[in-house]
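Note that numbering that gives the first Met the number 0 numbers the sequence shown so that position 114 is 113, with each residue one more than the last.
For glycine and all other residues, C-beta sits at the position ideal for the given N, C-alpha and C.
A quick note: this is a predicted structure, and the numbers were derived from the prediction, not measured.
Since the structure comes first, as structure tokens, the remarks are kept for the end.
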Amino acid sequence: MAENTETVKTTEEVVEKNVEAPELATFDKYAIFETGGKQYQAVEGKTIAIEKLEGEAGDTVEFKEVLFKKLDDSNVQIGQPYVEGSTIKAKIVKHDKDKKLTVFKFKRRKKSRVKAGHRQPLTVIRVESI
Numbered sequence: 000m001a002e003n004t005e006t007v008k009t010t011e012e013v014v015e016k017n018v019e020a021p022e023l024a025t026f027d028k029y030a031i032f033e034t035g036g037k038q039y040q041a042v043e044g045k046t047i048a049i050e051k052l053e054g055e056a057g058d059t060v061e062f063k064e065v066l067f068k069k070l071d072d073s074n075v076q077i078g079q080p081y082v083e084g085s086t087i088k089a090k091i092v093k094h095d096k097d098k099k100l101t102v103f104k105f106k107r108r109k110k111s112r113v114k115a116g117h118r119q120p121l122t123v124i125r126v127e128s129i
């Protein structure tokens, strides 16, 4: 009988190599805000692509739905649901569209096929102050 010469990896080794941790905030000052039914992380000076907003490029927008705010290690504010008196000011950089999604519907054995595409409108903003 031949011996199996393969090495067996433990679960910890497999998890350690194959699972990548999500990109977490390593910044000293950041906030999490809500707009368009989604949550975004805001860091001063960074650009973010969010759901479409009204306004032209160069306009300043203000977000009052701040869920979490960290100014330094000792000053952390968690909202219930929002942090009172906190706002995030940002400037609209441009309006753009997301990558194209293809929608394909069909009914088997009926020669019924519909192919459509969709590009979600986005607004790119630059966070000016938290």
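Looking at residue j and residue i, is the spacing between their C-beta atoms short of 8 Å?
i	j	result
Lys90	Ile49	no
Lys110	Thr101	no
Ala93	Arg118	The question names Ala, yet the displayed sequence has Lys at residue 93. It is not a contact, given that the beta carbons lie outside the stated cut-off.
Ala56	Ile47	no
Between which two residues does the beta strand (DSSP E) harbouring residue i extend?
i	result
Thr34	Tyr29 to Thr34
Gln40	Lys37 to Ala41
Gln76	Asn74 to Ile77
Give me, in chain order, the residues of the same chain whose beta-carbon lies closer than 6 Å to that of residue i; leave out the 5 immediate sequence neighbours on both sides.
i	result
Ser85	Val65 and Lys68
Glu61	Thr86 and Lys88
Val82	Val65, Lys68 and Gln76
Going by DSSP in three states, residue i sits in which element: helix, strand or coil?
i	result
Gly84	coil
Lys68	strand
Gly116	strand
Arg108	coil
Glu53	coil
Lys96	strand
Given residue i, which residues of its chain have a CB within under 7 Å of its CB, disregarding the five upstream and five downstream residues?
i	result
Arg112	Phe105
Glu33	Glu64 and Leu66
Asp27	Asp71
Identify the residues that DSSP records as bridge partners of residue i: which are they?
i	result
Ile47	Ile124
Lys63	In the DSSP output, where bridge partners are listed per residue, Lys63 has none listed.
Ile91	Ile124
By Cβ distance below 8 Å, which residues in the same chain neighbour residue i in space, the five residues on each side in sequence not counted?
i	result
Gly36	Glu50
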